[in-house]
Amino acid sequence: MKKVMLKTTLSFAVALASTQIFASGFALNEQSISGMGTGFAGRSSSADDASTIFGNPAGMSRLKREQVTGGAALLDARTDISDASSSPNSGSNDGDMVPLVAVPMGYYVKPIDEHWAFGIGMYAPFGLVTDYENGFAGRYFGSKSEVKVITLQPTVSYAFNDKVSIGFGPTINRIEGTLESNLSITQAAPDGKVKIKGDDTALGYNIGVLVQATDSTRVGLTYHSKVKYKLEGDTKVDYNVLAAVGQSPNQKYDASLDLTTPESVDFSVTHELNDKWTLYAGSTWTRWSRLKEITVENKGVPTILNGQFGTITEEQNWHDTWAHAIGASYQLNKQWVLRTGLSIDQAPTNNVDRSPRIPTGDRKIFSLGAGWSPTDDLTIDVAYSYLHEESVKINNSNNRGQTYNAKYENRANGFGVGATYRF
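Residues -23 to -1, 1 to 400, numbered by mature numbering (1 follows the signal peptide of the UniProt record, and there is no 0), are exactly what the sequence shown covers, in order.
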């Protein structure tokens, strides 16, 4: 029973990964619709609107008017599962496990004087929803997950002069997770159900520097800190086989899990080629190697079941990743700006530990976008992204003879709409 529970109780961490997100591991990229249009190239150097609170808080110094930016990205993912085999040899492999997901964002920036600016932002840095069909062949290694991380970031920036500025914002991060999974001690035993819930609030920070290197070139550097969570919740087990060891088939244990989301560093360049064309480039390093293993502690477990439900550990062995992006914008006229971008993003997973909860590989993302300014006070942004991943293989087994092997190929479409209003 231990291995099945390992695959289940890791929901708060590894189940964050899914094909519907547009960044590696379990990170989300969708914190800016204008940035989405250029494939997030130039994220820490562009400072086009109030979403720079996330991209680079130092960029608030470039915003000379009080403004509000808000929007949402709609993510639609598809997965093809092929070459699937499992033991017991039953179950389906539809691959339709990701519902349509909306990722909201909102920001406010107010310049105080020629040096100082204040802002506040709310966005989602991590999260997912995955829900395999009933009877999924890999149900013992993952069936349903829902995780949400919401961040509130009050921010200040200071401009030393018209060339150099810095920005800083503490982050208040709320994480909530729920998971359901199937459980069976032997291939012949009927399935049971396991449901896990947990949440926590933790602090981090976001710091950046922006330099106007020349009249036409800006460079930006942003550091997003790690965030340490201690999720507290419960593990519920509904399984008739527990009666064989003198336990009620419905058990509930207090559960806790230590989880650290990784720090990242983003460096980018924005170059205004002329009064029409602007070029963007950037790279992001993320320290996914922090996720070496996950340990879940369940309290109140009877001694006879402590070996199965007490302390549970699973190796993950994720590695650090790089993401690279290039993009361009074209100022068609005073009202319209057109955008495009291309991103390449590494996956942090490895072929040994990958599971149905994290069936992701290296990805390429192509983006298009546009901004329409009917007045000097209002800009409406739209964006579209297409993501395609390399195919990856899942090879899972446990000590009850249950296995799941399959080939996954993921793709996704992202649609974004937002607006900026200047006071």
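In this text, a Cβ means the ideal position worked out from N, Cα and C, and glycines have one as well.
For this session: Excluding the 5 residues preceding and the 5 following Gln312 in the sequence, name in chain order all residues of the same chain whose CB lies nearer than 7 angstroms to its CB.
Result: Trp349, Ser350, Pro351
Problem set entry | Pair within 8 angstroms by beta-carbon distance, Phe103 and Phe3 | yes
For this session: Kindly indicate which three-state DSSP category Tyr84 falls into: helix, strand or coil?
Result: strand
Exercise. Thinking C-beta only, is Asp211 closer than 8 angstroms to Asp231?
Worked result: yes
For this session: Have a look at Leu(-14) and Ser158 and give me their C-alpha separation to the nearest angstrom.
Result: The predicted model places Leu(-14) with a pLDDT of 40, which falls under 50 and marks its position as unreliable; any figure quoted below should be read in that light. Cα to Cα, the separation comes out at about 11 angstroms.
Problem set entry | Per-residue burial, Tyr385 [other beta carbons within 10 Å of its own, 16 or more giving buried] | buried
For this session: Please work out which residues of its chain come closer than 7 angstroms, Cβ to Cβ, to Gly175, disregarding the five sequence neighbours upstream and downstream, and give them in chain order.
Result: Once the five neighbours on either side are set aside, the close Cβ partners of Gly175 are Phe(-12), Gly154, Leu208, Glu209, Gly210, Ala232, Leu234.
Exercise. Does the region 83 to 103 come close enough to the region 359 to 372 that 3 or more CB-CB pairs lie under 8 angstroms?
Worked result: no
Exercise. By a C-beta neighbour count over all protein chains shown, 10 Å radius and 16 as the cutoff for buried, is Glu7 buried or exposed?
Worked result: buried
For this session: Return the chain-ordered list of same chain residues with a C-beta closer than 6 angstroms to the C-beta of Phe400, the five sequence neighbours on each side being excluded.
Result: Glu43
Problem set entry | Nearest residue (CA-CA) to residue 402, options Leu5, Arg20, Ser64, Ser59 | Outside the modelled stretch of the chain, which goes from -23 to 400, sits residue 402, for which no answer is possible.
For this session: Report all residues from its chain with a CB closer than 6 angstroms to the CB of Ala136; omit the five preceding and five following residues, and keep chain order.
Result: If we look at Ala136 and ignore the five residues flanking it on each side, its Cβ neighbours are Ser38, His92, Ser142.
Problem set entry | Selected residue, minimal CA-CA separation from Pro65, among Ile321, Arg377, Lys205 | Arg377
Exercise. In its own chain, which residues sit with a C-beta less than 7 angstroms from the C-beta of Thr380, not counting the 5 before and 5 after it?
Worked result: Ser63, Ser64, Asn373, Ser374
Exercise. Which value, in whole angstroms, describes the spacing of the CA atoms of Lys253 and Ala305?
Worked result: A direct Cα-Cα distance of roughly 10 angstroms separates Lys253 from Ala305.
For this session: Assign Ala383 to one of three DSSP states: helix, strand, or coil.
Result: strand
Exercise. Any idea what DSSP makes of Gly12, helix, strand or coil?
Worked result: helix
Exercise. When the distance is taken between beta carbons, is Asp243 closer than 8 angstroms to Ala21?
Worked result: Before going further, note that residue 21 is Ser rather than Ala in the sequence given. Between Ser21 and Asp243, the C-beta gap is smaller than 8 angstroms, which places the two residues in contact.
For this session: Would you mind reading off the limits of the beta strand (DSSP E) that contains Ile335?
Result: Here Ile335 belongs to no beta strand (DSSP E), and DSSP marks it neither H nor E.
Exercise. Got a sec, what are the start and stop residues for the alpha helix (DSSP H) Ile30 sits in?
Worked result: 29 to 32 is the extent of the alpha helix (DSSP H) around Ile30.
Problem set entry | Continuous beta strand (DSSP E) stretch holding Gln308: start and end | 298 to 308 is the extent of the beta strand (DSSP E) around Gln308.
For this session: On the DSSP bridge assignment, give the partners of Trp349 in chain order.
Result: For Trp349, the pairing in a beta bridge is given by DSSP as Trp313, Ile357.
Exercise. How should Thr(-5) be labelled, buried or exposed, when 16 other C-beta atoms within 10 angstroms of its C-beta is the threshold for buried?
Worked result: Note that Thr(-5) scores 41 on pLDDT, short of 50, meaning its location in the model is unreliable; the coordinates nonetheless yield the value given after this. Buried: at least 16 other Cβ atoms inside 10 Å.
Exercise. Around the Cβ of Ser225, are there at least 16 other Cβ atoms within 10 angstroms (buried) or fewer (exposed)?
Worked result: exposed
Problem set entry | Cβ neighbours of Arg151 in the same chain (closer than 6 angstroms, five flanking residues each side left out) | Correct list, in chain order: Ile127, Thr178.
Exercise. If Val133 sits next to Val106, beta carbons under 8 angstroms apart, how far is it from one beta carbon to the other, in whole angstroms?
Worked result: Contact between Val133 and Val106 is ruled out by a C-beta separation of about 34 angstroms, above the 8 angstroms threshold.
Exercise. In chain order, what residues of the same chain lie with their CB nearer than 6 angstroms to the CB of Val188, ignoring the 5 residues before and after it?
Worked result: Cβ within range, chain order: Val141, Val196.
Exercise. Taking DSSP as the reference, what is the three-state secondary structure of Tyr117?
Worked result: helix
Exercise. Excluding five sequence neighbours on each side, which residues of the same chain lie with their C-beta closer than 8 angstroms to the C-beta of Trp265?
Worked result: Contacts found: Ser1, Gly2, Pro239, Trp295, His296, Asp297, Thr298, Pro325.
For this session: Answer with buried or exposed for Ile89, where buried requires no fewer than 16 other C-beta atoms within 10 angstroms of its C-beta.
Result: exposed
Exercise. Arg55: which of Thr397, Gly395, Thr337 sits nearest, CA to CA?
Worked result: Thr337
Exercise. Is it the case that the Cβ atoms of Arg388 and Gly119 are separated by a distance below 8 angstroms?
Worked result: no
Exercise. Over what stretch of residues does the beta strand (DSSP E) that includes Lys207 continue unbroken?
Worked result: 204 to 215
Exercise. How should residue 419 be labelled, buried or exposed, when 16 other C-beta atoms within 10 angstroms of its C-beta is the threshold for buried?
Worked result: The chain is shown only over -23 to 400; residue 419 falls outside these bounds and no answer can be derived.
Problem set entry | Gly36 in three-state terms, based on DSSP | helix
For this session: Give a yes or no on whether 8 angstroms exceeds the smallest Cβ distance from Ser11 to chain D.
Result: Although the question refers to chain D, the structure presented lacks it and comprises just one protein chain.
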